[in-house]
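Notes to accompany the following structure.
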Amino acid sequence: MGGISSRSIVRTGLLAGAGSIYISLVGLYTKFADLALVGEQITLGRVLIVAPALVASYAATRPRIVAGERRSVELRSGVALGAVVGLVGGVVFALSLVFANWFGVDRIREIFVAVTEPLLDFLTFDKGVPAGLPILIGLCVAGGVIGGFARTAPAVVRKPVSVGVLAVVLLGLLQRIVPIVFVELGFEADWLYRPASGLTILGATVIFAIAVVADALWNREGGRTRDRFRATVEEATAARVGLFVAILAVLTILPLLLGTVISEVLGQVMIYVLLGLGLNIVVGYAGLLDLGYVAFFAFGAYTTGVLTGAFLNTTTGAAEPVLSADLNFYVAVWIVALLAAGVGLLIGAPVLRLRGDYLAIVTLGLGEIVSVITASKWAQPLIGGPQGMRGVTKAELFGFNFQDNPQHFYYLALAFVVLAAFVSWRLSTSRIGRAWNAMREDEQVADAMGISTTRFKLLAFALGGAIGSLGGALFAVSIGSLTPASFEIFVSITALAVVILGGLGSIPGVVVSC
Amino acid sequence: MATATDEQVRGAHLGLLDRFPWRRIVLILLSIVIITVVAVGAYKTLTLPADERYTATTWKNFIVLGLAQGAIIGMIALGYTLVYGILRMINFAHGEVFMFGAFGAFFFADAWEQSGFLDSNPILSMGLLLVIAMLTSMGVAVLLERIAYRPLRNAPRLVPLITAIGAALFLQNTARGFFGAQSRGFGVPEALDGTWTIFGVAVDRIQVVVLLTVIVAVTSLSLFVSRTRTGKSMRAVAADSEIASLMGIRVDRVIVTTFAIGGLLAGIAAVLFAITFESVSFTMGFRPGIAAFTAAVLGGIGSISGAALGGVLLGLITSLGPALILTGYGIPSSFQLKDAFTFLVLVLVLIFRPGGLLGSGEAEKV
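Protein sequences appear in the order of chains S and U.
Start counting the first sequence at 1; every next residue gets the next number (the working numbering).
Start counting the second sequence at 515; every next residue gets the next number (the working numbering).
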């Protein structure tokens with residue numbers, strides 16, 4: 001079929017079935033069963049039923065290189081192939097449900113906690129096992145057909161339809177955010193979204209139509225404009241600054257549109273942006289994979305607490321730490337950053353000679369040492385140990401309270417992010433940035449060219465540490481109380497994910513990927 | 515000597531910061547500080563007033579506990595070392611492979627505990643549990659290699675490492691989705707409760723079982739690697755995979771075999787770990803995984819005997835260290851800092867002797 005062996009088609013189908021079974025066992029279906037995207041019928045859970053077959057058949061119909069020639073699959077065979085993939089996947093999935101029904105859901109549940117009666121009901125559309133299975137298989141076949149279509153249809157049809165569908169799904173997923181923006185802007189949102197649920201059918205149709213038209217316009221008229229736009233942004237500094245200002249303006253008005261709940265999320269996102277920017281200096285610019293970044297985060301948070309007069313939590317109430325100061329936040333934060341830079345030097349000095357994966361492991365170890373110590377009784381007199389601290393400063397300034405009002409906190413965080421982004425932008429284009437670049441690409445060559453790798457590695461650790469500690473300081477202010485549970489390894493991993501997702505060494509990337 | 519020549523060559527055109535042997539001075543100071551801290555702590559602990567001092571039995575228990583846990587850690591460390599020896603890659607997800615083995619055994623142990631099979635046939639049931647855990651871990655390890663690592667065989671070195679971290683998170687979350695987030699109690703046969711007296715020392719039966727199993731497993735592994743044809747080809751690929759493939763060795767198959775063996779050992783370690791701590795949870799792989807990696811580095815990564823030795827040493831350090839050193843300083847609940855000790859050992863080994871105790875100290879691989 002289209003030059004693709006039937007064995008590989010069946011194998012792809014089996015993979016699709018395995019994917020569906022995996023999603024069931026992990027419990028994603030149960031979790032998203034009721035999250036409506038469009039109308040009442042199209043829920044995220046149901047989209048997930050279609051998805052494995054769709055993805056599998058999209059992958060199966062990819063163009064292949066046969067005898068040195070790139071051969072794409074034709075539409076008719078692509079759709080047929082997708083249907084077969086979907087059918088195989090659906091039958092496998094259905095058979096697994098038959099097995100579950102025969103074997104007994106409760107007995108499977110002893111091992112796989114996600115397998116429940118509601119899951120079975122959901123997957124059989126409340127019709128029970130034999131009766132609901134044709135619908136399930138049908139959906140999988142539909143998924144396969146869509147996947148094959150999405151790959152093999154002519155570009156004129158394929159592109160606008162994909163853009164439209166993606167727009168609908170995206171806006172459906174943003175159902176918590178978009179209606180609030182609409183209401184804050186003074187528009188009605190009732191026609192677009194059902195109350196506290198997904199899009200209405202009318203809304204989805206409108207969005208689909210808009211997306212299709214926009215895509216068509218963009219393709220026909222936009223080609224040249226787009227190229228010119230890109231060229232301008234790449235060449236003229238003024239245009240780039242303009243773009244930057246525009247983004248900043250959007251970031252500035254965002255919390256006003258979104259209300260307090262989402263602003264709180266945004267504030268936390270900003271903290272991660274800050275961590276990402278700091279880690280970007282270490283990993284992205286200097287190429288030193290640091291998995292213990294949480295150490296700086298924790299250091300920043302606890303030092304801020306200690307310097308601004310926070311209390312220790314004890315079983316009997318509150319106690320003064322053995323070492324404490326009562327500084328203004330805006331004084332303390334610079335001391336914190338300086339100290340963290342010093343810690344960065346301390347950590348950096350002994351590991352200078354290590355590279356790549358060994359460096360990663362050592363820093364991971366150092367990060368874990370910090371989180372073990374913060375959670376231990378030994379650290380109790382200074383930073384509260386397992387009980388933590390509370391009463392961190394609210395960083396009041398001109399009557400703004402940055403702890404209790406998430407919208408205000410967002411601006412504080414934004415200010416720090418802008419500062420950090422500016423610093424790393426200036427650094428990256430400077431001599432230091434070029435030295436880091438050279439060091440990352442090849443350390444020995446850089447050394448031979450007269451770049452002091454010692455100095456620049458230490459500088460990267462110190463700067464990265466300082467920015468990470470600012471993230472910690474902000475975190476301490478935003479949450480007001482500190483417990484060791486906030487400083488686990490996953491902070492390092494998330495920050496690293498942010499950096500990698502955004503593209504190593506790119507500032508806008510870091511910001512966007514958050 | 516090499517450092518001195520480096521210093522001379524480099525010093526000619528660089529500033530004070532580089533000409534001055536900072537690194538060496540920092541390292542010497544660091545080692546002086548560490549030795550003093552350890553010596554003073556140990557002295558203080560041992561000269562505590564008699565009623566606060568640990569008794570000889572307590573010390574013996576610490577040692578046996580350290581040996582048993584170190585043996586388990588060593589088993590996991592073998593998995594790291596084997597893979598690193600062949601692929602020069604840290605299989606970060608190995609701790610999760612271990613965790614899946616423990617869950618595989620758990621469901622059978624649970625069922626057999628209820629049916630009474632576990633207590634009536636302790637030897638048979640423990641043997642079966644080992645086999646089940648070994649097969650589960652092996653399956654996960656082989657899948658991991660096939661899906662996550664093989665496509666990246668020739669990518670730059672940081673890429674597989676980051677993938678491995680991602681795979682570890684993926685496996686952990688999968689286990690949470692599959693088996694639930696709470697930790698579960700692992701049944702142990704009644705025959706293994708209590709102690710046996712060996713050479714006048716009362717030793718927990720479980721620890722005896724652990725030590726014996728590990729000795730058998732490590733012996734068979736080293737026999738396998740040194741005597742069989744497959745073992746020989748593993749060593750050939752570790753030495754130079756390109757030339758090995760020219761000599762007609764199927765490198766891909768050797769790599770899969772290596773992952774499979776690592777998985778088998780992790781499965782054994784998982785059962786031993788589960789009966790020692792009597793619980794399984796989806797996060798149980800992380801800390802032992804890191805500890806095992808530390809052990810592998812401590813012994814010299816890539817060396818089989820090194821991993822076993824490193825495991826035992828690390829076990830002893832983490833069980834004796836906090837008691838011996840920290841108690842002297844009057845630090846409360848020093849055992850909470852046990853994991854910090856693991857990481858401290860790791861960091862120090864990498865700083866002072868990156869090649870490990872039995873390694874060759876090749877700086878270039880570092």
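Built from N, CA and C at the ideal position, the CB exists for glycine as well.
Item                                                                                                                                                                                        : Value
From the DSSP output, in three-state form, read off Arg590 (chain S) for me.                                                                                                                : No answer is possible for residue 590 (chain S): it lies beyond the span of chain S, which begins at 1 and ends at 514.
What would DSSP say about Tyr293 (chain S), mapped onto helix, strand or coil?                                                                                                              : coil
Given this structure, state the Cα-to-Cα distance separating Cys140 (chain S) from Tyr29 (chain S), to the nearest angstrom.                                                                : 15 Å
How would you write the range of the beta strand (DSSP E) that Ile65 (chain S) sits in, first residue to last?                                                                              : Arg64 to Val66
Considering just the uninterrupted stretch of the alpha helix (DSSP H) at Arg70 (chain S), what are its terminal residues?                                                                  : That residue, Arg70 (chain S), is in no alpha helix (DSSP H); its beta strand (DSSP E) goes Glu69 to Arg71.
Counting only C-beta atoms, is Val880 (chain U) closer than 8 Å to chain S at any point?                                                                                                    : Confidence in Val880 (chain U) is poor, its pLDDT being 33 and thus under 50, which makes the residue's placement too unreliable to answer from.
List, in chain order, every chain S residue whose beta-carbon is nearer than 9 Å to that of Pro868 (chain U).                                                                               : Arg353, Leu354 and Tyr358
Which of the three DSSP states, helix, strand or coil, is assigned to Gly694 (chain U)?                                                                                                     : coil
Which residue marks the beginning of the beta strand (DSSP E) containing Thr483 (chain S), and which one marks its end?                                                                     : Thr483 (chain S) -> no beta strand (DSSP E), and no H or E assigned at all.
Using only alpha-carbon positions, find the residue among S:Gln407, S:Arg434 and S:Leu97 that is nearest to Leu266 (chain S).                                                               : S:Gln407
Taking all protein chains shown into account, do 16 or more other C-beta atoms lie within 10 angstroms of the C-beta of Cys514 (chain S), making it buried, or fewer, making it exposed?    : Confidence at Cys514 (chain S) is low in this model, with a pLDDT of 47, below 50, so the placement of that residue should be treated as unreliable; the coordinate-derived value is given next. So Cys514 (chain S) counts as buried.
Using the C-alpha atoms, what's the distance from Ile831 (chain U) back to Ser376 (chain S)?                                                                                                : 19 Å
Would you decide whether Ile542 (chain U) is buried or exposed? Buried here means 16 or more other CB atoms lie within 10 Å of its CB.                                                      : exposed
For the beta strand (DSSP E) that contains Val38 (chain S), what are its first and last residues?                                                                                           : Ala36 to Val38
Is it right to say Trp436 (chain S) is buried, meaning 16 or more other beta carbons lie within 10 angstroms of its own, or is it exposed?                                                  : buried
Going by CA-CA distance only, name the one from S:Leu185, S:Val477, S:Val418 and S:Ile201 that's closest to Ile247 (chain S).                                                               : S:Val418
I need the straight-line Cα distance from Phe182 (chain S) to Gly39 (chain S), nearest angstrom please.                                                                                     : 19 Å
Could you name each continuous alpha helix (DSSP H) segment of 4 residues or more that falls completely within the region 732-756 of chain U, going from the start of the chain to the end? : 743-753
For Asp126 (chain S), does the three-state DSSP call read helix, strand or coil?                                                                                                            : coil
So, is the C-beta of Thr841 (chain U) closer than 8 Å to a C-beta in chain S?                                                                                                               : no
Quick one: using the 10 Å Cβ neighbour count with 16 as the cut-off for buried, is Val673 (chain U) buried or exposed?                                                                      : exposed
Look at the alpha carbon of Arg767 (chain U) and the alpha carbon of Ala753 (chain U), and state the distance between them as a whole number of angstroms.                                  : 16 Å
In whole angstroms, give me the CA-to-CA distance for His608 (chain U) and Gly803 (chain U).                                                                                                : 7 Å
So Ala758 (chain U) packs on Ser740 (chain U), CB below 8 Å; how close in whole Å?                                                                                                          : The pair is not a contact, with the Cβ atoms about 17 Å apart (cut-off 8 Å).
Report the rounded CA-to-CA distance for Glu161 (chain S) versus Ala211 (chain S), giving the unit in angstroms.                                                                            : The question names Glu, but residue 161 (chain S) in the sequence shown is Val. Roughly 9 Å between the two C-alpha positions.
Please classify Leu191 (chain S) as buried or exposed, where buried requires at least 16 neighbouring CB atoms within 10 angstroms.                                                         : It should be pointed out that residue 191 (chain S) corresponds to Trp in this sequence rather than to Leu. With fewer than 16 Cβ atoms within 10 Å of its Cβ, Trp191 (chain S) is classed as exposed.
Quick one: which residues of the region 711-733 of chain U get their C-beta closer than 8 Å to a C-beta of chain S? List them in chain order.                                               : none
Please name the residue, chosen from U:Ala788, U:Ala784, U:Thr688 and U:Ile818, that lies closest to Ile736 (chain U) on a Cα-to-Cα basis.                                                  : Checking the displayed sequence, the identity of residue 736 (chain U) turns out to be Ser instead of Ile. The shortest C-alpha separation from Ser736 (chain U) is found at U:Ile818.
Please list, in chain order, the residues of the region 85-117 of chain S that have any C-beta partner in chain U closer than 8 Å.                                                          : Glu110, Ile111, Phe112, Val113 and Ala114
Rounding to the nearest angstrom, what Cα-Cα distance links Phe621 (chain U) and Arg158 (chain S) in this structure?                                                                        : 48 Å
Could you check whether the Cβ of Thr506 (chain U) sits closer than 8 Å to any Cβ belonging to chain S?                                                                                     : What the structure shows of chain U is the stretch from 515 to 880, and residue 506 (chain U) is not part of that stretch, so it cannot be assessed.
Cβ of Ala681 (chain U) within 8 Å of Cβ of Ala695 (chain U)?                                                                                                                                : no
Looking at Ile21 (chain S): is its Cβ nearer than 8 Å to the Cβ of Phe93 (chain S)?                                                                                                         : yes
Are Ile201 (chain S) and Ala167 (chain S) touching if we call contact CB-CB under 8 Å?                                                                                                      : no
Alpha carbon to alpha carbon, how far is Val273 (chain S) from Val370 (chain S)?                                                                                                            : 22 Å
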